[in-house]
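Working notes for the structure below.
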Amino acid sequence: MPTLNRHIQLKELPKSPTGIRGLDDITNGGLPKGRPTLVCGGAGCGKTLFAMEFLVRGATEYNEPGVFLSFEETEKELTANVASLGFDLARLVEQKKIWLEHIHIDRSEFEQSGEYDLEGLFIRIHLAIESIGAKRVVLDTIETLFSGLPNTLILRAELRRLLGWLKKKGVTTILTAERGTNSFTREGLEEYVSDCVILLDHRVSDQASIRRLRVVKYRGSTHGTNEYPFLIDEDGFSVLPVTSLGLNHSSSLERISTGIPRLDTMLSGKGYFRASTVLVSGTAGTGKTSIASQFVEAACKRHERVLFFTFEESASQLMRNMRSIGIQLEPWVKKGLLQFHATRPTHYGLETHLVTSIKLINAFKPDIVILDPINAFVTGDNQSEVKAMLLRLLDFLKMKRITAFFTSLTNAGGDATEMTDVYISSLIDTWLLLRDIEIGGERNRGLYVLKSRGMEHSNQIREFKLTGHGIELVDVYVGTEGVLTGSARLSQETKDDAAQLARNQEIKGKQFGLARKREALEAQIQLLRSQFEAEEAEALKEIGNEKARNERFVQDKARMAKSRKSDARTGQQPAKPGTK
Amino acid sequence: MKKKPKKPNSRRSKPRRANLGKKPADARSDKWVLRLYIAGETPKAVAAFNNLKLICEEELKGKYTIQVINLLEHPQLARDNQILAVPTLERKLPIPVRKIIGDLSDTERVLVGLDLVGRNAAKY
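Chains as they are written, first to last, in the working numbering: chain A, 1 to 580; chain B, 1001 to 1124.
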């Protein structure tokens, strides 16, 4: 894949890197070299800063000096304005890396009589380019010409000529233009600049401002076509091409402890996967932050770096609360292994949150990032946007092989516990669910592993206890009465013991009775047997007598036959007459 | 820099006529410095110069100076004087500075631009 990309890039037209973070990724290397690019957008969307950063980065990082022709602001104003981004224009001008020139046009000062051309402008640009050997030119905002000078026809023709001329000079040009109502620019400049058009947008949604950038057109090059959020801050412009990251991050086999031994056991004995995404969801007060903190402490003990974004508590409040359950976080903050970043979600827009997070992550280079809680971002019906943001953040974290740990607050009651508010369940690798178990006027915490990709995990509910020395997991009572926790569990266990004892005794009694029955039965059998034996003896005796009598009868008959001299035949069958 | 000061011989008679004339607004300015910025001797530049000369002869005879500046030779002056379009006629004196762009073929506009329109109107 990478080799293929490189191959394509070689074929693509040469590019001039902007040095603006993220933009070069979207455009596969920068703006078209030696050609004009149109940057358009509404008022205050950052056109001038965009252009200025292009020049400053060019001058400082790519050794390409640049000319900035400002039609609106004077040199002084410009220098002052971009100083807030950390650009020292005055020095760059002194070093002949940047040429600033204000082009003043005031309609009231001009009278037109007959035809004219803009050769004066050409001469000025030429002089500027030649003086510093510029490779980059910015015209900000060239449309001012249209309001400043009469005769649009001439201006259009001259503009076309100017762009052609700049192309011939081989300088990479940025033109900025104000967004029109039905077109990208008020004066239809996109007609003239056919190579690359970038649209900047600044909108307000839910009272939070969102800046977005889109490459509308880029002739002869592939480019990301999405709207990308961007941010202007003290380090200049940054664009977030995070959606272009995709799913090609490598997975890790390394396991890291959760900080809670029993929880490790539940996750096949080893804890979470490194660079995986862990979500702890639960209703209010179920101990989500505590589980996160325990994880943080364990990580810091392993000398890993942790960045903790908290959206509900201040850092000191969080540390104080954790101290009460025996988790000490201050030492790690002091050691520089742990950094808190506490902001209100409503403080700025989602994109800004995302960009700020990514910037902080890039700066701190953590092994673990905690977001507590993620659904603080959800206001009204922006769930899909929150999901998109988290997706971008997750992809980014996975790419950086950072373990992400999110907490999510779910609504109490109902069946909603397995539904996170932001529907990010599909993005999660290991999902721990905390729930309240309310029995016998008591509220206890239960924990179970809802899912954990790629490992065997326990299917058991554990009771989750916050003690003075951290989190403990206890087996819950699972019996005929259902799942019991807390004192209900204890009392049920006692009840069970008593019942067990009673049952044991009963069994013993039954066994005893049985033995007795058996004895009685056997005695009866014995009796019957002896009766039978007596009868049998009697019967046998009679049978013997009968036999003897019979024999005697036969003998008597034979004797009688002998005496009567009967024939042999009858003598041969002595039994027959006997039976008659 | 091509400086083409207009013939000094006509100077003496003209101011008098101007002072006598119908224009008190103009009276304060008896010295006109006009600069014509061009970029090479293009047809437009030549036309502008000729048109300007005609108008000056008509309106400001004897009290004007025309400086023709070729920006190709003095590009720095384009920045210094905020010149974009050529030809540009700049009224250096009397102040305030005024600019007229184009080949000056529309005399009416030039007169308006140079603030000579009152005099012109009084003629009729």
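All C-beta atoms in this analysis are idealised placements derived from N, C-alpha and C, irrespective of residue type, glycine included.
Boundaries of the beta strand (DSSP E) in which residue i is found, first to last residue
i, result
"Q339 of chain A", "L338 to A342"
"T185 of chain A", "Where T185 of chain A is concerned, there is no enclosing beta strand (DSSP E), given that its DSSP letter is neither H nor E."
"K1099 of chain B", "R1098 to I1101"
"C1056 of chain B", "Not the beta strand (DSSP E): C1056 of chain B falls in the alpha helix (DSSP H), residues P1043 to E1059."
"E442 of chain A", "E442 to S452"
"E112 of chain A", "The sequence given here has Gln at residue 112 of chain A, not Glu. Q112 of chain A -> beta strand (DSSP E) spans F110 to Q112."
"S194 of chain A", "Careful: S194 of chain A lies outside any beta strand (DSSP E) and carries neither H nor E."
"D233 of chain A", "E227 to D233"
"I98 of chain A", "I98 to H102"
"I154 of chain A", "From DSSP, I154 of chain A is part of no beta strand (DSSP E) but of the alpha helix (DSSP H) over T152 to K169."
"S281 of chain A", "T277 to G282"
Host alpha helix (DSSP H) of residue i (start-end)
i, result
"N375 of chain A", "Here N375 of chain A belongs to no alpha helix (DSSP H), and DSSP marks it neither H nor E."
"L1072 of chain B", "Unbroken run through L1072 of chain B: none, as it is neither H nor E."
"D1030 of chain B", "From DSSP, D1030 of chain B is part of no alpha helix (DSSP H); its letter is neither H nor E."
"P612 of chain A", "Nothing can be reported for residue 612 of chain A, as the shown portion of chain A is limited to 1 through 580."
"G133 of chain A", "Careful: G133 of chain A lies outside any alpha helix (DSSP H) and carries neither H nor E."
"L397 of chain A", "Q383 to M399"
"D24 of chain A", "L23 to I26"
"D475 of chain A", "Run containing D475 of chain A: none in the alpha helix (DSSP H); it sits in the beta strand (DSSP E), G470 to D475."
"V296 of chain A", "K288 to K301"
"R516 of chain A", "G486 to R564"
Sub-7 Å separation of residue i and residue j beta-carbons
i, j, result
"L13 of chain A", "G220 of chain A", "yes"
"V355 of chain A", "S238 of chain A", "yes"
"A177 of chain A", "C45 of chain A", "no"
"R1035 of chain B", "Q1067 of chain B", "yes"
"T407 of chain A", "K510 of chain A", "no"
"K217 of chain A", "R35 of chain A", "no"
"L409 of chain A", "P373 of chain A", "yes"
"E227 of chain A", "R211 of chain A", "no"
"P229 of chain A", "E351 of chain A", "yes"
"P1079 of chain B", "R136 of chain A", "Contrary to the premise, residue 1079 of chain B reads as Arg rather than Pro in this sequence. In this structure, R136 of chain A does not lie closer than 7 Å to R1079 of chain B by Cβ."
"V138 of chain A", "A83 of chain A", "no"
"L1084 of chain B", "L118 of chain A", "yes"
"E463 of chain A", "G446 of chain A", "yes"
"I581 of chain A", "E297 of chain A", "Because chain A spans 1 through 580 in this model, residue 581 of chain A falls outside it and cannot be assessed."
"L1072 of chain B", "A1039 of chain B", "yes"
"K1031 of chain B", "K1063 of chain B", "yes"
"L307 of chain A", "F364 of chain A", "yes"
"G66 of chain A", "A134 of chain A", "yes"
"I105 of chain A", "G170 of chain A", "no"
"F309 of chain A", "H341 of chain A", "yes"
"T181 of chain A", "F71 of chain A", "no"
Contacts around residue i, its chain only, beta-carbon distance under 8 Å, and the 5 residues preceding and following it disregarded
i, result
"K565 of chain A", "none"
"A416 of chain A", "Interpretation of A416 of chain A is limited by its pLDDT of 49, a score under 50 that renders its predicted location unreliable; the figure taken from the coordinates is listed afterwards. The residues are T410."
"S458 of chain A", "T265, M266, L267, Y448 and V449"
"S183 of chain A", "E190"
Close Cβ partners of residue i (< 6 Å) along its chain, the five nearest in sequence each way excluded
i, result
"I256 of chain A", "G271, Y272 and R274"
"E254 of chain A", "R274"
"V1033 of chain B", "T1065, K1092 and L1093"
"P150 of chain A", "Q112"
"A1045 of chain B", "I1038 and P1087"
"R203 of chain A", "I210"
"E64 of chain A", "G58, K135 and R136"
Any non-hydrogen atom of the ligand NAD within 6 Å of residue i CB
i, result
"S84 of chain A", "Looking for the ligand NAD in the displayed structure turns up nothing, as the structure carries no ligands at all."
7 Å Cβ shell around residue i - same chain, five flanking residues per side excluded
i, result
"S276 of chain A", "T403, D429 and T430"
"I439 of chain A", "L484, T485 and A488"
"G1113 of chain B", "R1098 and I1100"
"T1107 of chain B", "I1055"
Members of the segment 1077 to 1090 of chain B near chain A, C-beta cut-off 7 Å: A1078, R1079, Q1082, I1083, L1084, A1085, V1086, P1087 and T1088
Where the segment 124 to 158 of chain A meets chain B: residues whose CB sits under 9 Å from a CB there: R124, H126, L127, A128, E130, L145, G148, L149, P150, N151, I154 and E158
Validate contact between the segment 24 to 31 of chain A and the segment 176 to 193 of chain A using beta carbons, cut 8 Å, 3 pairs: no
Positions along the segment 97 to 112 of chain A whose CB lies within less than 8 Å of some CB in chain B: Here the close residues are E101, I103, H104, I105, E109, F110, E111 and Q112.
At least three beta-carbon pairs within less than 8 Å, the segment 398 to 406 of chain A to the segment 279 to 295 of chain A: yes
Positions along the segment 182 to 206 of chain A whose CB lies within less than 8 Å of some CB in chain B: Along the segment 182 to 206 of chain A, there is no position whose C-beta sits under 8 Å from a C-beta of chain B.
Short-range partners of chain A found in the segment 1093 to 1107 of chain B, where Cβ spacing is below 8 Å: Within the segment 1093 to 1107 of chain B, the residues whose Cβ lies closer than 8 Å to some Cβ of chain A are V1097, R1098, K1099, I1100, I1101, G1102, D1103, L1104, S1105, D1106 and T1107, listed in chain order.
contact_flag[the segment 192 to 201 of chain A, the segment 327 to 336 of chain A] where n(CB pairs < 8 Å) is 3 or more: no
Validate contact between the segment 1041 to 1051 of chain B and the segment 114 to 122 of chain A using beta carbons, cut 8 Å, 3 pairs: yes
Inter-stretch contact at 8 Å, needing at least 3 Cβ pairs: the segment 51 to 60 of chain A / the segment 89 to 106 of chain A: yes
Chain-ordered residues of the segment 1043 to 1066 of chain B with a beta carbon less than 8 Å from chain A: K1044, A1047, A1048 and N1051
The segment 427 to 446 of chain A in contact with the segment 278 to 286 of chain A per 3-pair CB rule at 8 Å: Per the Cβ contact rule, the segment 427 to 446 of chain A is in contact with the segment 278 to 286 of chain A (3 or more Cβ pairs under 8 Å).
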